[in-house]
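J.: Quick one: the structure is below, and I'll ask about it shortly.
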Amino acid sequence: MRAIVGSVAALSLLSTTSCTAILKEVRYPGGYPAYVLDKRTFNASGSKQMILLRATLILGLAAEMSRVTVNGEDADAFAKHLKNATDEINYAAADVYSVGDRAPCSTTDDSIGPDNDCKGFYENFDANLPLIEGRLIRVMLAVLPTDQARKFLDDASKGNILGAALNAFRTVMKAAGGLHVGAARYRTGLEVVAGQMGDKCYSGRAFEAGNLTTVIEAAACIGLSQDNIFAKSPPDQRSKLAVPVLPAAFIMLMRGVAAACVALPYGGSEKAVNDSRKVREEACGAIRFNPTGRPTTMEEQEDGDPDPTATPTPTPTPPPTT
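All residue numbers for the sequence shown refer to the working numbering, where the first residue is 91 and numbers rise by one.
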């Protein structure tokens, strides 16, 4: 499977000829993949925290999908993939959220010296995104049957990871309702996003989750159409969504990922099941929102993830010009 990822990445490098794609890679928050997502979901480019929230929502989609696609033999590996993706999100979170009582640093602070205790830097945030996307690709490859995994790789190489995930859900819709399960998590994510907007809602009133507010009100708040999934977002959506995101939003989504992890099926003998429980206790138990400075020494790395290298996102192939 790594060979497949490498081949797709190499082909994508050769085929990236669009000036628009190159420009977005070097001038747009999150690069060309985020540019595509902003057009097809909601425009998160005005808030680094909102960009990270969307990545966490994608992880939640994949985790929910595992409820209908992952068998007991593959579940241990999938649990580890979820944990590793969570680690990457938490590393990125340290660049936009406080770690303990230490807020992220900025390179404009002239009091910072070589012995500083900075856990993250605001300016470093974008460097995390390809690593998160690489982990998400691994999660999706693990959750999909081989044929669908190849299709997902092809879609992901075009810079549309969420679109690729949604396409993957469609392929398993007839098998135990995969699309319906994944879409449920996406709907909860829209309520989370709307809740962060405060008085910036397009509907004119702040969205507050409750018994009498549903995803209909959430979509109206964000400016999403109820009639056309391909409708263009309002042109000022970037400024509307340029808001801070409360940690509670990530805590809720991570609880969903952890719940899907512990619900993974078991397979094999009694000994195999007992061994799997140990793996799941460690992997699933580590899935939570916990902004953490990325390891910068070998000692820190050895205390953390034993497999720290995330597969980089394949360089996106732009759509053909017409």
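Where a beta carbon is used, it is the ideal one built from N, C-alpha and C, also for glycine.
Looking at Ser137 and Asp128, is the spacing between their C-beta atoms short of 7 Å?
T.: Stepping through the sequence shown from its first residue, residue 128 is reached at position 38. Stepping through the sequence shown from its first residue, residue 137 is reached at position 47. The answer is no: Cβ separation not under 7 Å.
J.: Find out if the Cβ-Cβ distance for the pair Leu331, Asn133 is shorter than 7 Å.
T.: Taking the sequence shown and counting its residues from 1, one reaches residue 331 at position 241. Taking the sequence shown and counting its residues from 1, one reaches residue 133 at position 43. Yes.
J.: Does the pairing of the region 237 to 246 with the region 162 to 170 give three or more beta-carbon distances under 8 Å?
T.: Cβ pair count under 8 Å is below three, so no.
J.: Residues in the same chain with beta-carbon distance under 7 Å from Lys209, minus the five sequence neighbours each way, listed in chain order, please.
T.: On the sequence shown, position 119 is the one that residue 209 refers to. Correct list, in chain order: Ala184, Val189, Arg192, Gly383.
J.: Quick check: the Cα distance between Asn301 and Glu307, rounded to an integer number of angstroms?
T.: In the sequence shown, residue 301 corresponds to position 211, counting from 1. In the sequence shown, residue 307 corresponds to position 217, counting from 1. Looking at the two C-alpha atoms, the distance is approximately 12 Å.
J.: Do Ala145 and Ile227 have their CB atoms nearer than 7 Å?
T.: In the sequence shown, counting from the first residue as 1, residue 145 sits at position 55. In the sequence shown, counting from the first residue as 1, residue 227 sits at position 137. Cβ distance not < 7 Å, so Ala145 and Ile227 don't count as in contact.
J.: Our contact map puts Val233 next to Ser156 with C-beta atoms below 8 Å; I'd like the distance itself, whole angstroms only.
T.: Within the sequence shown, residue 233 is the residue found at index 143, counting from 1. Within the sequence shown, residue 156 is the residue found at index 66, counting from 1. Yes, they are in contact, since the Cβ atoms of Val233 and Ser156 sit about 5 Å apart, within 8 Å.
J.: What would DSSP say about Arg378, mapped onto helix, strand or coil?
T.: Within the sequence shown, numbered from 1, the residue matching residue 378 stands at position 288. DSSP places Arg378 in coil when its eight states are reduced to three.
J.: With DSSP as the reference, label Phe320 as helix, strand or coil.
T.: Indexing the sequence shown from 1 puts residue 320 at position 230. Correct three-state label for Phe320: coil.
J.: From the DSSP output, in three-state form, read off Val160 for me.
T.: As a first step, residue 160 must be located in the sequence shown, where it is residue number 70. The answer is coil: DSSP assigns Val160 none of H, G, I, E or B.
J.: Here's the rule I'm using: 16 or more other beta-carbon atoms within 10 Å means buried, otherwise exposed. How should Arg117 be labelled?
T.: Translated into positions along the sequence shown, residue 117 becomes position 27. With fewer than 16 Cβ atoms within 10 Å of its Cβ, Arg117 is classed as exposed.
J.: Using only CA atoms, which one of Val363, Gln391, Val229, Met344 lies nearest to Gly375?
T.: On the sequence shown, position 285 is the one that residue 375 refers to. Gly375 has its Cα closest to that of Met344, out of Val363, Gln391, Val229, Met344.
J.: Let me confirm a value: Gly313 is counted as buried when at least 16 other C-beta atoms fall within 10 Å, else exposed. Which label applies?
T.: In the sequence shown, residue 313 corresponds to position 223, counting from 1. Buried is the call here.
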